[in-house]
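Asks: Take a look at the following structure, please.
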Amino acid sequence: MKLKNLIIPAVCLAPLTMTGAGGVEISHLGPTNTLVRVNGEGQYLLLPVQESHEDDARINVLADGKIEETIYVRLARTKTDYTVPFDLSKYKGKNLMLDIVTQQNRNSVRDAQDDVCWDGMIITDTFDTTNREKKYRPAYHHTPLYGWMNDPNGMFYKDGVWHLYYQKNPYGSKWQNMTWGHSTSKDLIHWDHQKDAIKPDGLGSIFSGSSVVDHNNTAGYGKDAVIALFTSAGTSQMQSLAYSTDNGDTFEVYAGNPIITLDSEARDPNMFWNDKTGEWNLVLAHALDKENLFFTSPDLKNWTLSGTFGKGLGAQEGVWECPDLFELPVPGTDKTKWVLICNINPGGPFGGSSIQYFIGDFDGKTFISDTNPDGTVPTKWLDYGKDNYALVSWSNAPDNRRTAIGWMSNWQYAADVPTMQFRSANTLPREMELFSTNDGELYVASVPSPELLKLRGKIIEKASNKNIGSNPTDFQLPSEGLCEINLDFEATNADVVSFILSNPEGEKVIMRYDSKNRTMSFDRRQSGIVDFSQKFPAVTVSPTFETDGKINLRIFIDRSSIELFGNRGQFVMTNLVFPNSPYTNLSVESRNGNATLSELKVYEINS
Ligand code: FRU
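Last residue of the sequence shown: number 608 in our numbering, and the count goes up by one each step with no gaps.
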């Protein structure tokens with residue numbers, strides 16, 4: 002028996018209280034519990050974060066004794082990696098207190114008072130968001146100002162503005178505290194950061210969903226109110242509604258939430274107005290059952306189950322998430338077909354997250370997939386890279402466009418990529434269009450959105466009608482590496498045509514066309530930093546769908562991503578890369594025969 006445990010010196014009966022440097026009073030109540038009283042004035046309380054923790058501290062925020070919100074933060078123990086701002090403005094004039102449990106998930110206790118976070122909890126009027134990630138923060142892709150991002154959510158277009166909401170952690174660069182962050186753009190390229198739109202509430206955190214412009218005031222919040230449906234993720238997953246009467250700037254959550262409850266996990270509601278039936282349709286991912294559920298509604302609040310699709314069909318390895326359903330014209334006909342986007346994780350062609358889709362018909366109640374001649378349902382993939390997930394499209398887009406964007410990462414390693422101030426970017430915007438192959442099979446193309454042409458700056462390399470043999474032909478890329486390479490080639494009689502990006506460190510990405518198999522591959526095994534996850538080094542391979550060996554490639558290179566669009570987006574590979582210095586050289590060569598580089602242009606990026 003340890004005698005000292007039995008003798009409690011009188012002084013220990015009072016909590017250890019310290020007045021922090023910046024207007025906070027900190028009382029350690031026990032080995033894992035601390036109270037922080039906020040006495041000072043200012044816009045933010047800075048919370049120091051150490052990323053390597055497995056467990057987040059649970060912080061109950063009390064105003065005048067009532068719990069207002071609960072947030073989870075990896076409070077720094079031995080070292081501060083960065084701070085995150087807790088906004089105090091809403092609590093002005095109230096007695097504000099943070100009741101912190103520092104060790105939620107552990108069995109052992111430790112003394113919270115030794116942690117370094119307490120000294121760093123200061124009140125300030127500014128939070129510095131200057132980019133500290135010069136090497137890897139994309140120059141022309143959407144990223145959060147700071148903190149973690151996953152799925153794009155609730156996108157809609159209205160009055161010339163593209164609204165993009167996204168899964169955001171405002172308190173750290175790993176997944177937690179799911180909130181709808183918000184950005185807006187007038188050109189799909191330059192994004193302005195807006196205030197967080199929907200924050201966790203009593204029903205849970207705010208998972209993915211969609212928004213619509215309610216042109217006919219069906220929900221009762223006025224003509225053209227913006228209605229968002231999302232998943233409230235608490236102990237269970239339920240669907241909830243929020244509405245905005247200021248064009249998506251701020252949202253009120255509906256007092257009657259949740260609006261859909263089921264007895265199994267379902268999430269990521271995606272809705273649209275159906276002109277033919279005069280009602281709303283909704284697709285919901287029945288995640289663990291690996292199927293989609295369809296609902297109808299007159300008013301966006303009352304939903305009736307109308308059908309299901311997918312059980313046992315297509316790729317089934319992982320959970321089904323983030324569905325989208327839309328109608329597209331079939332080229333060369335006056336017909337249309339419906340596309341059901343079905344994101345799946347894991348189970349993608351190269352491991353982890355990926356976008357499966359089905360083409361078929363939708364009768365207003367359920368989706369019926371086209372089948373192969375033998376009656377089976379084909380599995381089709383939208384992107385043959387590793388880093389395009391949770392792709393969904395904008396609602397109410399102009400000119401009948403079906404513009405979509407994906408989260409440019411993969412759940413296999415999204416939390417481990419070598420950035421810290423922010424984690425994850427979105428892909429470039431893409432237009433969804435149908436195309437048919439020579440054998441009459443329909444597929445979805447991801448055509449780079451027309452706005453991306455505005456990114457084209459000075460042409461710094463040019464070639465035409467160049468014979469390509471086994472000796473490499475080299476082209477220079479901009480010193481910062483940011484560019485679009487647009488080229489047309491014909492494999493003529495070559496077996497393989499290679500395009501190799503490299504930097505002075507010898508790091509490289511090899512993109513290779515194989516004329517026998519009609520495939521394009523993307524090898525990032527030597528692309529730079531690859532060792533943060535065993536799942537990162539990879540070769541991805543895409544069918545090219547053509548039969549004549551003539552290929553156009555548009556390759557967009559940003560600081561930590563490469564998007565390769567082949568033949569107007571008929572094949573696409575989106576892959577992250579983390580080179581130690583920018584790729585400044587493109588080498589083209591062919592094997593077993595010659596190829597013709599009919600046209601090549603390297604454009605600098607106007608960002
Ligand atoms: C997909 C997903 C969604 C969910 C969200 C939570 O990446 O798992 O199904 O709503 O992320 O952040």
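Each residue gets a CB set at the ideal place from its N, CA and C atoms; glycine is no exception. These numbers were taken from a predicted model, which means no experiment stands behind them.
Report all residues from its chain with a CB closer than 6 Å to the CB of residue 49; omit the five preceding and five following residues, and keep chain order.
Replies: 77, 81, 84, 118, 121
Asks: Residue 9 by DSSP, collapsed to three states: which one?
Replies: Any reading at residue 9 must be qualified, since the residue scores a pLDDT of 38, below 50, and its modelled position is unreliable; the value itself is stated next. Three-state DSSP puts residue 9 in coil, outside helix and strand.
Asks: Any chance the CB of residue 151 is under 6 Å from a heavy atom of the ligand FRU?
Replies: yes
Asks: Pick from 588, 446, 486: whose alpha carbon is nearest that of residue 503?
Replies: Out of 588, 446, 486, 588 has the C-alpha closest to the C-alpha of residue 503.
Asks: At 3 residues or longer, what runs of the beta strand (DSSP E) sit wholly inside the region 515-564?
Replies: Scanning the region 515-564 for uninterrupted beta strand (DSSP E) segments of 3 residues or longer gives 520-524, 540-544, 551-559, listed from N- to C-terminal end.
Asks: Are there 16 or more other CB atoms within 10 angstroms of the CB of residue 428, so buried, or fewer, so exposed?
Replies: Using a 10 angstroms sphere on the CB of residue 428, the tally of other CB atoms reaches 16 or more, which defines it as buried.
Asks: Between residue 605 and residue 458, is the Cβ-Cβ spacing less than 7 Å?
Replies: Yes, Cβ-Cβ distance for residue 605 and residue 458 is below 7 Å.
Asks: Going by other Cβ atoms of all chains shown within 10 Å of its Cβ, with 16 needed for buried, is residue 533 buried or exposed?
Replies: exposed
Asks: Can you tell me which of 250, 228, 249 puts its alpha carbon nearest to the alpha carbon of residue 240?
Replies: 228
Asks: Mind checking whether residue 110 and residue 185 have CB atoms under 7 Å apart?
Replies: no
Asks: Per DSSP, which residues does residue 477 bridge with? Please list them.
Replies: For residue 477, the pairing in a beta bridge is given by DSSP as 586.
Asks: Helix, strand or coil for residue 270? Go by DSSP, reduced to three states.
Replies: strand
Asks: Residues in the same chain with beta-carbon distance under 6 Å from residue 13, minus the five sequence neighbours each way, listed in chain order, please.
Replies: Note that residue 13 scores 45 on pLDDT, short of 50, meaning its location in the model is unreliable; the coordinates nonetheless yield the value given after this. Nothing listed; no residue qualifies.
Asks: From this set, 390, 541, 130, which residue's C-alpha is nearest residue 412's C-alpha?
Replies: Ranked by how close their Cα comes to the Cα of residue 412, the residues 390, 541, 130 have 390 in first place.
Asks: Compute the distance between the beta-carbons of residue 328 and residue 269, then report whether it is under 7 Å.
Replies: Taking 7 Å as the Cβ cut-off, residue 328 and residue 269 do not qualify as a contacting pair.
Asks: Classify residue 332 as helix, strand or coil using the three-state DSSP reduction.
Replies: coil
Asks: Please name the residue, chosen from 599, 199, 274, that lies closest to residue 244 on a Cα-to-Cα basis.
Replies: 199
Asks: Name the residue from 422, 446, 529 whose alpha carbon lies nearest to the alpha carbon of residue 433.
Replies: 446
Asks: Count the other CB atoms, across all protein chains shown, that sit within 10 Å of the CB of residue 11; report buried if there are 16 or more and exposed otherwise.
Replies: Only weak support exists for where residue 11 lies, its pLDDT of 40 falling under 50; the value from the coordinates is given anyway. Exposed, since its Cβ has fewer than 16 Cβ neighbours within 10 Å.
Asks: Got a sec? Which residues, its chain only, sit under 6 Å from residue 175 by beta carbon, not counting five neighbours each side?
Replies: 149, 416
Asks: How would you label residue 145, buried or exposed, when you count the other beta carbons within 10 angstroms and need 16 or more for buried?
Replies: buried
Asks: Going by DSSP, what residue range makes up the beta strand (DSSP E) through residue 181?
Replies: Segment 180-186, the beta strand (DSSP E) holding residue 181.
Asks: What does the Cβ neighbour count give for residue 51, buried or exposed, with the cut at 16 atoms within 10 Å?
Replies: Looking at its Cβ environment, which holds 16 or more other Cβ atoms inside 10 Å, residue 51 is buried.
Asks: When DSSP labels each residue in this structure, what does residue 177 get in the three-state scheme?
Replies: The answer is coil: DSSP assigns residue 177 none of H, G, I, E or B.
Asks: Consider the C-beta atom of residue 322 and the heavy atoms of the ligand FRU; say whether any pair is separated by less than 6 Å.
Replies: yes
Asks: If you draw a straight line from the C-alpha of residue 60 to the C-alpha of residue 230, how long is it?
Replies: 27 Å
Asks: From which residue to which residue does the beta strand (DSSP E) around residue 120 run?
Replies: Counting along the chain, residue 120 falls outside any beta strand (DSSP E), though it belongs to the alpha helix (DSSP H) covering 118-121.
Asks: Near residue 197, which residues of its chain fall below 8 Å by C-beta distance, leaving aside the five closest residues on each side in sequence?
Replies: So the list reads 169, 171, 180, 181, 182, 183, once near-sequence residues are dropped.
Asks: What residue range is occupied by the uninterrupted beta strand (DSSP E) comprising residue 165?
Replies: 162-170
Asks: Inspect the beta-carbon positions of residue 608 and residue 141 and report whether they are closer than 7 Å.
Replies: Contact flag set, yes.
Asks: Which of helix, strand or coil does DSSP assign to residue 113?
Replies: DSSP places residue 113 in helix when its eight states are reduced to three.
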